[in-house]
Amino acid sequence: MNTEQLPIGNAPEPVALSHFPSGLHAVVWRNWTLVPTARLAKTIGTTPGNIKKLGTALGLPAPKRISADQWRRSALTIIRRNWHLLPYEQLLILLDWTPEKLAFTLQEDDFLYIKLGSHKPKCQTVRWQEPDAAAQKRTAELATIVKDSFPKKQEALFAFVKALEKPTKPRPNSRPNPFSPRFCYSYHALYGDPLLEKEADPYPDGYLARLAASGVDGVWMQAVLSNLAPNPWNPAASAHYEERLAGLRKLTERAKKHGIGVWLYCNEPRTLPLAAFAKMPDVKGITVGEHATLCTAVPAVRQYLTDAIASVCAAVPELAGFFSITYSENQTHCWSHGEGAKCPRCASRGAVASLTDVNTAIHAGLAKAGGKQKLIVWDWAWPDSVVADAILKLPRDVLFMSVSEWDLPIRRGGVATTVGEYSLSAVGPGPRATRHWALAKARGIKTVAKIQAANSWELSAVPYVPAVANTAKHAARLKSAQVDGLMLGWTLGGYPSPNLEVVAEIGQGASATDALHTVAHRWFGARDAAQIVAAWTAVSSAYEEFPFHIQTIYNTPFQHGPANLLWEKPTGYRATMVGFGYDDLNTWRAVYPPEIFIAQLRKVAEGFERGAQSLQHSSNPAVRTEAHLMEVVAIHFASVANQARFIKIRSTDTPERTKLLDDEAMLTRRLLTLQAQDCRIGFEASNQYYYVEMDLLEKLANLAHLKANG
Numbered sequence: 006m007n008t009e010q011l012p013i014g015n016a017p018e019p020v021a022l023s024h025f026p027s028g029l030h031a032v033v034w035r036n037w038t039l040v041p042t043a044r045l046a047k048t049i050g051t052t053p054g055n056i057k058k059l060g061t062a063l064g065l066p067a068p069k070r071i072s073a074d075q076w077r078r079s080a081l082t083i084i085r086r087n088w089h090l091l092p093y094e095q096l097l098i099l100l101d102w103t104p105e106k107l108a109f110t111l112q113e114d115d116f117l118y119i120k121l122g123s124h125k126p127k128c129q130t131v132r133w134q135e136p137d138a139a140a141q142k143r144t145a146e147l148a149t150i151v152k153d154s155f156p157k158k159q160e161a162l163f164a165f166v167k168a169l170e171k172p173t174k175p176r177p178n179s180r181p182n183p184f185s186p187r188f189c190y191s192y193h194a195l196y197g198d199p200l201l202e203k204e205a206d207p208y209p210d211g212y213l214a215r216l217a218a219s220g221v222d223g224v225w226m227q228a229v230l231s232n233l234a235p236n237p238w239n240p241a242a243s244a245h246y247e248e249r250l251a252g253l254r255k256l257t258e259r260a261k262k263h264g265i266g267v268w269l270y271c272n273e274p275r276t277l278p279l280a281a282f283a284k285m286p287d288v289k290g291i292t293v294g295e296h297a298t299l300c301t302a303v304p305a306v307r308q309y310l311t312d313a314i315a316s317v318c319a320a321v322p323e324l325a326g327f328f329s330i331t332y333s334e335n336q337t338h339c340w341s342h343g344e345g346a347k348c349p350r351c352a353s354r355g356a357v358a359s360l361t362d363v364n365t366a367i368h369a370g371l372a373k374a375g376g377k378q379k380l381i382v383w384d385w386a387w388p389d390s391v392v393a394d395a396i397l398k399l400p401r402d403v404l405f406m407s408v409s410e411w412d413l414p415i416r417r418g419g420v421a422t423t424v425g426e427y428s429l430s431a432v433g434p435g436p437r438a439t440r441h442w443a444l445a446k447a448r449g450i451k452t453v454a455k456i457q458a459a460n461s462w463e464l465s466a467v468p469y470v471p472a473v474a475n476t477a478k479h480a481a482r483l484k485s486a487q488v489d490g491l492m493l494g495w496t497l498g499g500y501p502s503p504n505l506e507v508v509a510e511i512g513q514g515a516s517a518t519d520a521l522h523t524v525a526h527r528w529f530g531a532r533d534a535a536q537i538v539a540a541w542t543a544v545s546s547a548y549e550e551f552p553f554h555i556q557t558i559y560n561t562p563f564q565h566g567p568a569n570l571l572w573e574k575p576t577g578y579r580a581t582m583v584g585f586g587y588d589d590l591n592t593w594r595a596v597y598p599p600e601i602f603i604a605q606l607r608k609v610a611e612g613f614e615r616g617a618q619s620l621q622h623s624s625n626p627a628v629r630t631e632a633h634l635m636e637v638v639a640i641h642f643a644s645v646a647n648q649a650r651f652i653k654i655r656s657t658d659t660p661e662r663t664k665l666l667d668d669e670a671m672l673t674r675r676l677l678t679l680q681a682q683d684c685r686i687g688f689e690a691s692n693q694y695y696y697v698e699m700d701l702l703e704k705l706a707n708l709a710h711l712k713a714n715g
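Here our numbering runs 5 ahead of the position in the sequence shown, where the first position is 1.
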């Protein structure tokens with residue numbers, strides 16, 4: 006493969022970064038703390054000495070050693086920060102990757118290419134050249150910003166990984182918990198091949214022990230079936246499957262010692278390249294670009310799913326089971342994207358038959374292996390027209406899962422809308438889940454609620470949002486609804502937190518109020534428990550003002566907060582899913598008028614700020630850390646409100662514009678200080694670091710430039 010085969014989309018011009026003297030300065034600045042100096046020098050065709058000389062001129066501290074673990078864990082952060090700076094050829098040198106590895110990452114690593122906008126900006130090659138006088142003058146100005154603001158002391162990036170791996174004593178707990186399973190995703194997992202790569206272990210023992218102490222009894226991982234069992238139509242995909250099974254077996258055995266089961270996410274059958282069907286046209290379903298589906302109307306395809314599932318269960322007897330999604334972003338069965346009418350076999354059978362094919366084939370595999378493992382069937386994105394019939398066709402011993410808050414009606418700032426999913430600000434369950442669970446219960450099928458117990462795409466740049474009272478209220482309502490199990494979050498929210506512990510307490514019979522006080526006492530001590538509960542309750546109430554819309558949570562730069570730059574002129578770029586917010590206010594605000602959108606964010610920010618202030622003078626370090634998390638939440642939402650207002654008035658030179666720039670600088674400096682003290686801030690597993698200190702320092706340079714050129 007070569008770089009010309011990497012995706013480029015419409016190849017737009019990159020955004021202008023006028024606060025830097027040149028693209029060279031931007032590349033050195035953005036990679037200073039993430040990329041080894043020698044690698045950076047090789048990328049732009051110079052010597053490490055020249056890189057250090059330019060870094061010194063910019064006022065940057067001496068470069069630190071980049072460990073192999075940090076290098077591996079920073080790849081997505083490096084790609085994102087260089088997307089508008091370097092062409093593919095140089096990006097590959099910077100990463101020390103092959104085109105194949107980059108292509109795989111862009112396509113498979115949680116939709117990274119979509120997060121980047123589904124296009125690669127047409128960047129010019131950046132080469133070393135000695136800065137001219139004008140560049141040197143601007144470099145000196147940047148050095149002043151660095152000198153004034155660079156943190157004097159910082160917690161190392163990813164230090165939380167080692168902290169979570171440390172052994173911890175199990176917390177004795179003999180009380181049964183009717184909520185089961187209660188499963189979540191790893192807080193720090195790397196996408197890749199963790200069952201082969203020992204250094205990428207998403208669930209070390211210390212972390213499993215901490216999850217168990219938080220009331221978790223299950224964890225989940227992505228799984229592609231052909232990686233775990235022989236695929237007769239794509240044998241190459243099954244290379245090393247025995248080794249992966251051995252790795253999975255060891256993980257399940259380790260997890261069992263902590264009382265934790267391992268669940269696999271099953272999104273099958275995966276499509277194959279068109280060329281693969283040349284010798285097997287009888288199993289081909291619908292064509293999707295350069296791929297086609299394996300048609301589940303064909304008995305051989307269903308038998309493959311059954312046999313593969315059975316072989317995994319037989320090889321990994323301690324596996325808890327699978328959860329299936331039969332409608333998703335990935336094309337799987339012929340009706341999975343609503344286009345089954347294009348298949349001559351599936352057109353007359355309908356969507357229910359196709360999704361039933363998948364679930365019954367998986368279930369048959371579990372039965373073939375002895376029936377020890379369970380199947381959770383998730384109705385994610387099922388069209389309303391299929392639900393009743395699909396539930397009627399489910400085997401009775403599966404568990405049926407629905408997103409609790411989906412379709413929940415809300416009114417924020419006078420604007421009426423409904424929740425899609427990924428909400429901690431809106432407390433479920435909603436009518437969709439309630440309706441679907443009732444249909445499942447009528448058949449004697451156990452039910453599972455998928456929730457976001459600790460954080461969501463409303464804000465995922467903190468290990469947990471301390472709106473713990475909302476979590477408690479949600480768990481209590483699900484207990485009353487007699488839901489059997491809980492998925493505690495998608496790829497976010499797996500940090501051992503008060504939120505997770507409150508859910509466990511409620512599962513064991515506590516009221517929401519008692520659960521809050523019990524967990525607060527456990528985390529912060531008897532003296533501070535009441536004050537913590539009051540703060541949790543106050544910020545939870547403020548969070549219910551959040552201007553929720555599925556478009557808003559995906560596209561507004563909530564995750565980046567102050568790290569999102571301000572733009573003097575419209576960029577013309579569309580905001581991307583948790584990737585780049587740019588200045589696309591119309592997409593950010595969705596159904597909310599601009600002033601209401603801004604006002605609602607300010608209400609949320611002010612509420613979290615008041616919560617932080619109520620705790621910040623405590624002599625208890627744990628209480629001050631909780632105050633800091635509340636403050637980080639406040640900063641993110643206040644910054645996005647500032648950004649939205651700036652976009653409305655940026656063409657004017659007014660006192661309000663100046664005040665906005667000054668306020669944004671204050672928020673940025675404060676976040677810079679807080680992240681230096683707590684390296685969990687700015688991190689989320691599937692996106693890695695949304696921002697590091699150099700991004701926040703760049704924002705200060707960006708603001709200074711706008712103020713000087715207003």
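C-beta: ideal position from N, C-alpha, C; glycine also.
Helix, strand or coil at residue i [DSSP, three-state]
| i | result |
| --- | --- |
| Met635 | helix |
| Leu404 | strand |
| His296 | strand |
| Pro598 | coil |
| Leu566 | Checking the sequence, you will find Gly at residue 566 rather than Leu. Of the three classes helix, strand and coil, the one that applies to Gly566 here is helix, per DSSP. |
| Tyr93 | helix |
| Lys203 | helix |
| Cys271 | strand |
| Trp34 | helix |
| Met226 | strand |
| Cys189 | strand |
| Gly370 | helix |
| Val317 | helix |
| Tyr694 | strand |
| Ser485 | helix |
| Thr423 | strand |
Outcome for residue i when other beta-carbon atoms lying within 10 angstroms are tallied against a minimum of 16
| i | result |
| --- | --- |
| Gly294 | exposed |
| Ser624 | exposed |
| Glu204 | exposed |
| Glu135 | exposed |
| Ala145 | exposed |
| Gln95 | buried |
| Glu180 | Residue identity differs from the one stated: residue 180 is Arg in this sequence, not Glu. Exposed, by the Cβ-count rule. |
| Met635 | buried |
Cβ shell of residue i (< 7 Å), same chain only, five flanking positions each side left out
| i | result |
| --- | --- |
| Asp658 | Gly715 |
Same chain only: Cβ atoms within 6 Å of residue i, ignoring 5 sequence neighbours per side
| i | result |
| --- | --- |
| Pro53 | Thr42, Ala43 and Ala46 |
| His342 | Gln336 |
| Ala632 | Ala617, Leu620 and Gln621 |
| Ala148 | Leu63 and Gly64 |
Closest residue to residue i among the options (Cα-Cα distance)
| i | options | result |
| --- | --- | --- |
| Asp588 | Gly612, Leu606 and Thr561 | Thr561 |
| Ala164 | His193, Pro304 and Ala302 | His193 |
| Ser407 | Thr422, Ala539, Glu698 and Leu483 | Leu483 |
| Glu410 | Ile555, Arg86 and Leu324 | Ile555 |
| Ala217 | Ser243, Arg176, Gly197 and Leu195 | Arg176 |
| Leu169 | Thr276, Ala214 and Arg132 | Ala214 |
| Ala539 | Glu258, Val473, Ala604 and Thr8 | Val473 |
| Ala713 | Leu666, Ala161 and Pro304 | Leu666 |
| Ala315 | Asn707, Leu380 and Cys684 | Leu380 |
| Pro84 | Thr61, Pro68, Thr110 and Glu105 | Before going on, a small fix: residue 84 reads as Ile here, not Pro. For the residues Thr61, Pro68, Thr110 and Glu105, the minimum Cα distance to Ile84 belongs to Thr110. |
| Ala228 | Arg307, Cys271 and Cys189 | Cys271 |
| Ala280 | Ile98, Trp76 and Ala297 | Ala297 |
Cβ-based neighbour list, residue i, same chain, cut-off 8 Å, excluding 5 preceding and 5 following
| i | result |
| --- | --- |
| Glu698 | Thr38, Phe155, Pro156, Gln159, Leu677, Gln680 and Ala681 |
| Ser546 | Ala474 and Gly612 |
Residue-level contact to chain B via CB, residue i, 8 Å cutoff
| i | result |
| --- | --- |
| Trp387 | Chain labels in this structure do not include chain B; a single protein chain is all it has. |
Open item on the list: So, does the region 638-654 touch the region 585-605, judging by three or more C-beta pairs under 8 Å?
Closed with: Touching, yes, given that three or more Cβ pairs across the two stretches are closer than 8 Å.
Task: the region 9-17 contacting the region 119-126, beta-carbon criterion three pairs below 8 Å - done: yes
TODO: Spell out a yes or no on whether the region 434-442 and the region 499-506 are touching, meaning 3 or more CB-CB pairs, one atom from each, closer than 8 Å.
DONE: no
TODO: Evaluate the contact criterion for the region 195-210 versus the region 507-517: three or more CB pairs, one atom per stretch, below 8 Å.
DONE: no
Open item on the list: For the pair the region 463-477 and the region 438-448, tell me if three or more CB-CB distances fall below 8 Å.
Closed with: Fewer than three Cβ pairs drawn from the region 463-477 and the region 438-448 lie within less than 8 Å of each other, which leaves the two stretches out of contact.
Task: the region 221-238 / the region 264-281 touching (three or more Cβ pairs under 8 Å) - done: yes
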